[in-house]
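To start, the structure under review is shown below, and the notes come after it.
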Amino acid sequence: MRHEASRIDVQREVVLRTPRLSLTSWRVDDVESLHEVHSDPQTMEFVRNGRPESRPEVEQLVDQYIAEHAARGWTKWRLADFDDQLVGRAGFGGTSESRGLSYLIRRSRWGLGLATEIAEALVGWHLSHTVGVPLRAIVAVGNDASARVLEKVGFDEAGLEDFEGTICRAFMHPESD
Ligand SMILES: CC(C)(COP(=O)(O)OP(=O)(O)OC[C@H]1O[C@@H](n2cnc3c(N)ncnc32)[C@H](O)[C@@H]1OP(=O)(O)O)[C@@H](O)C(=O)NCCC(=O)NCCS
Numbered sequence: 022m023r024h025e026a027s028r029i030d031v032q033r034e035v036v037l038r039t040p041r042l043s044l045t046s047w048r049v050d051d052v053e054s055l056h057e058v059h060s061d062p063q064t065m066e067f068v069r070n071g072r073p074e075s076r077p078e079v080e081q082l083v084d085q086y087i088a089e090h091a092a093r094g095w096t097k098w099r100l101a102d103f104d105d106q107l108v109g110r111a112g113f114g115g116t117s118e119s120r121g122l123s124y125l126i127r128r129s130r131w132g133l134g135l136a137t138e139i140a141e142a143l144v145g146w147h148l149s150h151t152v153g154v155p156l157r158a159i160v161a162v163g164n165d166a167s168a169r170v171l172e173k174v175g176f177d178e179a180g181l182e183d184f185e186g187t188i189c190r191a192f193m194h195p196e197s198d
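The numbering used here numbers the first residue of the sequence shown as 22 and each following residue consecutively.
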């Protein structure tokens, strides 16, 4: 019990701030709020397995994000507003050879320009924390809002590719090439 409490008390590390958002590391007690977001079918339609996720699945994901942040200094971080309400998650997947931009906004906050705001800041973060690693993104065919976000922050479209059985539009950021 003491051990659990001390893990929850861990401070969040701030990765970046934008005019409306803060991007930070995760804590184990974030599972409940992220599960609220990942249990919405419309939000999950074009991400991960294309379906709402269970609490154990989200627990595993938060553990993964905490471990990635600790091991390599980047992951898909916690995105919140200035009242510390969870807005979603954003950051990077990928490897040391290539980073993949990723963002997910909770449905009640769609249409406010928040994905564009954080995507633009993350392109800047990538360019200032990388030497010669390309920045890519893939978007499932049909996810036109996400493709639009990538276009707005300067990505070029680079054809179609199969990602684990899903046909995706591939994008590349020209400045990171
Ligand atoms: C896709 C997503 C990130 C967009 O977030 P958002 O904060 O609403 O995005 P923004 O408001 O910054 O910008 C959305 C843009 O797409 C446009 N758009 C919205 N719905 C659209 C649609 N169905 N078709 C085409 N464009 C659309 C908006 O008009 C806006 O463009 P504009 O500024 O030129 O008008 C959000 O819906 C989401 O998190 N979806 C679930 C997770 C997901 O799909 N993540 C991306 C995985 S690749």
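Backbone N, C-alpha and C define an ideal beta-carbon position, used for all residues, glycine too.
| said: So the candidates are Ile87, Val52, Arg99; which of them puts its Cα closest to the Cα of Leu37? | reply: Within the sequence shown, numbered from 1, the residue matching residue 37 stands at position 16. Taking only the C-alpha atoms, the option nearest Leu37 is Arg99.
| query | Do the CB positions of Ser54 and Leu107 come within less than 7 Å of each other? | reply | Here residue 54 corresponds to residue number 33 of the sequence shown, with the count starting at 1. Here residue 107 corresponds to residue number 86 of the sequence shown, with the count starting at 1. Cβ atoms of Ser54 and Leu107: closer than 7 Å.
| field | Gly115 (DSSP reduced to helix, strand or coil) | value | Counted from its first residue, the sequence shown places residue 115 at position 94. If DSSP states are grouped into helix, strand and coil, Gly115 belongs with the strands.
| message | Suppose contacts are defined by Cβ-Cβ distances below 7 Å. Is Lys97 in contact with Gly121 by that definition? | response | Numbered from 1 along the sequence shown, position 76 holds the residue referred to as residue 97. Numbered from 1 along the sequence shown, position 100 holds the residue referred to as residue 121. The answer is no: Cβ separation not under 7 Å.
| task | Could you tell me whether any Cβ in chain C is nearer than 7 Å to the Cβ of Gly115? | result | As a matter of chain content, chain C is missing from the structure shown, which is built from one protein chain.
| task | Inspect the CB distances between the region 140-156 and the region 71-81 and report whether three or more fall short of 8 Å. | result | no
| message | Is it buried or exposed, Glu89, if we count other Cβ atoms within 10 angstroms and call 16 or more buried? | response | For the purposes of this step, residue 89 is identified with residue 68 of the sequence shown, where counting begins at 1. So Glu89 counts as buried.
| query | Would Ile87 pass as a contact of Trp47 if the rule is Cβ separation under 7 Å? | reply | Mapped onto the sequence shown, residue 87 falls at position 66. Mapped onto the sequence shown, residue 47 falls at position 26. Result yes, Cβ atoms of Ile87 and Trp47 sit closer than 7 Å.
| So, helix, strand or coil for Val68, using DSSP? | As a position in the sequence shown, residue 68 is number 47, starting the count at 1. If DSSP states are grouped into helix, strand and coil, Val68 belongs with coil.
| Do Phe176 and His194 have their CB atoms nearer than 7 Å? | Position 155 of the sequence shown, counted from the first residue, corresponds to residue 176. Position 173 of the sequence shown, counted from the first residue, corresponds to residue 194. Yes. Within cutoff.
| Expressed to the nearest angstrom, what Euclidean distance is found between the alpha-carbon atoms of Ser129 and Thr137? | Locating residue 129 in the sequence shown gives position 108, counting from the first residue. Locating residue 137 in the sequence shown gives position 116, counting from the first residue. Distance between the alpha carbons of Ser129 and Thr137 is about 16 Å.
| Local Cβ density within 10 Å of Ile188, reported as buried at 16 or more and exposed below that | Here residue 188 refers to the residue found at position 167 of the sequence shown. With fewer than 16 other Cβ atoms within 10 Å, it is exposed.
| query | What do you get for Asp183, buried or exposed, if any count of 16 or more other CB atoms within 10 angstroms of its CB means buried? | reply | Here the question's residue 183 lines up with position 162 in the sequence shown. Asp183 comes out exposed.
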